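So this note's numbering is basically just the index in the sequence shown, starting at one, shifted up by 62.
Cβ coordinates follow ideal geometry from the N, Cα and C atoms, glycine included.
The structure displayed is predicted, hence computed values, not measured ones.
Inspection log for the structure reproduced underneath, given as structure tokens.
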Amino acid sequence: MNKKLLWIIISLAGLVILLIILKKNGIIGADEGLRVSAEKVTRRSITEIVTASGKVYPEVEVKISPDVSGEITELNVEEGDSVRRGQVLARIYADIYATQRDQAAAMVAGQQSQVSNAQAQLEALKSSLELAKLTYNRQKQLLDDKVISRAEFEQADNTLKTAQANYDAALENIRSSQAQVKSAIANLEKANKDLSRTELLSPMTGVVSLLNVKKGERVVGNTMMAGTEMMRIADISVYEIRVEVGENDVQKVSLGDTAIIEVDAYNNRKFKGLV
Numbered sequence: 063m064n065k066k067l068l069w070i071i072i073s074l075a076g077l078v079i080l081l082i083i084l085k086k087n088g089i090i091g092a093d094e095g096l097r098v099s100a101e102k103v104t105r106r107s108i109t110e111i112v113t114a115s116g117k118v119y120p121e122v123e124v125k126i127s128p129d130v131s132g133e134i135t136e137l138n139v140e141e142g143d144s145v146r147r148g149q150v151l152a153r154i155y156a157d158i159y160a161t162q163r164d165q166a167a168a169m170v171a172g173q174q175s176q177v178s179n180a181q182a183q184l185e186a187l188k189s190s191l192e193l194a195k196l197t198y199n200r201q202k203q204l205l206d207d208k209v210i211s212r213a214e215f216e217q218a219d220n221t222l223k224t225a226q227a228n229y230d231a232a233l234e235n236i237r238s239s240q241a242q243v244k245s246a247i248a249n250l251e252k253a254n255k256d257l258s259r260t261e262l263l264s265p266m267t268g269v270v271s272l273l274n275v276k277k278g279e280r281v282v283g284n285t286m287m288a289g290t291e292m293m294r295i296a297d298i299s300v301y302e303i304r305v306e307v308g309e310n311d312v313q314k315v316s317l318g319d320t321a322i323i324e325v326d327a328y329n330n331r332k333f334k335g336l337v
């Protein structure tokens, strides 16, 4: 082995030994490790977001039902129309209610006429009663003075009793007639109200959100319970969103929480709401 080859072998052996020492000390061949981001610790608020979908409803929506039954003779609105408070929405066939009103008015007039006649009769009977009392008192005095017989006195007594009975009966008849007048007036008021109910007025300003009937259809009305739902009027100035929240998220929602609302019809536009 010549000297040149010997030096090459010694150099290679030294290099291998150096590499082994460097690797053992971690200078070469070491794992770089996991890189992480660090930030200074500060106090912040943590916001928890619950996402849910639902439907949009007007906050106020009124169902319109008639208080009387009949055929729709006039329908002045369509679904989507804007209406104002007091506007005539529809009319129901009113002839039958007008006839009932006229009959009730005639009944009131008849009863009032009976009361007037009864009062005139009562005045006449009152005069007869007063005359019978005067005759009775005079006959009693004559009987005490023994000028007339008891039979003549009893005739005056019977006349007085009859006059009193007739007067009392007439007075009771007037009271009964006056009660009938009150009843007839009440029927007339009801007939007038029923006639006015054939005209359906909007109870509020808003929009016709639903229309269930057409002109010519018959509807059922009742003042004691809801009749045929003809339409709905909604106040579209304020809406509410009804959503279904999962049972795991319900506890995360409280009254007064703010909400961000996105509607498909309004792309890229967000609305603020309140739970």
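Given residue i as reference, the closest of the options once Cα atoms are compared
| i | options | result |
| --- | --- | --- |
| ASN310 | VAL112, GLY335 and ASP207 | VAL112 |
| ILE295 | GLU185, ILE126 and ALA114 | ILE126 |
| LEU191 | ILE323, ASN179, ALA231 and VAL209 | ALA231 |
| VAL180 | ASN228, LYS202, THR224 and ARG259 | Looking at the sequence itself, residue 180 is Ala, so the reference to Val does not match. Minimum Cα distance to ALA180 is reached at ASN228. |
| THR285 | ASP129, THR104 and GLN201 | ASP129 |
| ALA194 | ASP219, LEU273, THR260 and GLN203 | ASP219 |
| GLY116 | ALA327, ILE303 and ASN330 | ILE303 |
| VAL275 | VAL122, ARG105, MET293 and LEU233 | MET293 |
| GLU121 | VAL325, GLN313, PHE333 and SER299 | SER299 |
| GLN260 | ALA225, ALA152, GLY308 and VAL307 | In the sequence on display, residue 260 carries Thr and not Gln. When each option's Cα is compared against that of THR260, the closest is ALA152. |
| ALA168 | GLU306, GLN149, GLY148 and LEU250 | LEU250 |
| SER271 | SER211, THR109 and GLU291 | GLU291 |
| ARG43 | LYS208, ASN329, VAL177 and VAL305 | Missing from the structure shown is residue 43; the chain here goes from 63 to 337 and no further. |
| GLN313 | GLU110, ILE82 and ARG105 | GLU110 |
| LEU233 | LYS188, SER264, ARG331 and VAL305 | LYS188 |
| TYR301 | GLY268, ILE79 and LYS223 | GLY268 |
| ASN235 | LEU184, GLY278 and THR224 | LEU184 |
| ASP326 | VAL118, SER264 and LEU273 | VAL118 |
| GLN226 | ALA186, ARG105, VAL305 and LEU273 | ALA186 |
Residues sharing a beta bridge with residue i, DSSP
| i | result |
| --- | --- |
| PHE333 | ILE323 |
| TYR301 | PRO120 |
| GLY268 | VAL145 |
| ARG294 | LYS125 and LEU272 |
| VAL312 | In DSSP, VAL312 forms no bridge with anything. |
| VAL14 | A query on residue 14 cannot be resolved here, the shown segment of the chain reaching from 63 to 337 and no further. |
| LEU137 | ALA152 |
| GLU261 | ARG153 |
Proximal residues to residue i (C-beta, below 6 angstroms), its chain only, five neighbours per side dropped
| i | result |
| --- | --- |
| GLU344 | Only positions 63 to 337 of the chain appear in the structure, and residue 344 is not among them; the question remains open. |
| ALA253 | GLN162, ARG163 and ALA166 |
| ILE339 | The first residue shown for the chain is 63 and the last is 337, placing residue 339 beyond what the model contains. |
| ALA288 | SER127 |
| LYS277 | ILE134 and LEU137 |
| GLY283 | PRO128, ASP129, VAL130, SER131 and GLY289 |
Neighbourhood of residue i by C-beta, 8 angstroms cutoff - its chain only, sequence neighbours within 5 removed
| i | result |
| --- | --- |
| ASN336 | The amino acid occupying residue 336 in the given sequence is Leu; Asn does not appear at that position. These residues qualify, in order along the chain: GLY318, ASP319, THR320 and ALA321. |
| ALA213 | none |
| THR221 | ALA194, THR197 and TYR198 |
| LEU262 | ILE126, PRO128, VAL150, LEU151, ALA152, ARG153, ILE154 and MET292 |
| ILE323 | ILE303, LYS332, PHE333, LYS334 and GLY335 |
Nonlocal neighbours in the same chain, by C-beta distance under 7 angstroms from residue i, ignoring five residues either side
| i | result |
| --- | --- |
| LEU257 | ALA156, TYR159, ALA160 and ARG163 |
| ALA182 | none |
| VAL307 | VAL112, ALA114 and VAL315 |
| MET266 | VAL124, ARG147, ILE295 and ASP297 |
| GLN201 | ILE210, GLU214, PHE215 and ALA218 |
| VAL305 | ALA114, SER115 and GLY116 |
Any non-hydrogen atom of the ligand MN closer than 6 angstroms to residue i Cβ
| i | result |
| --- | --- |
| SER238 | With respect to the ligand MN, the structure offers nothing, as it holds no ligand at all. |
* How about the stretch 164–183 and the stretch 131–138: do they share at least three Cβ pairs that are nearer than 8 angstroms? -> no
* Any chance the stretch 170–187 sits against the stretch 238–257, with 3 or more Cβ pairs inside 8 angstroms? -> yes
* Asked: Between the stretch 314–327 and the stretch 142–150, are three or more C-beta pairs nearer than 8 angstroms?
  -> no
* With a floor of 4 residues, list each alpha helix (DSSP H) that falls wholly inside the stretch 179–259, ordered by position along the chain. => 212–258
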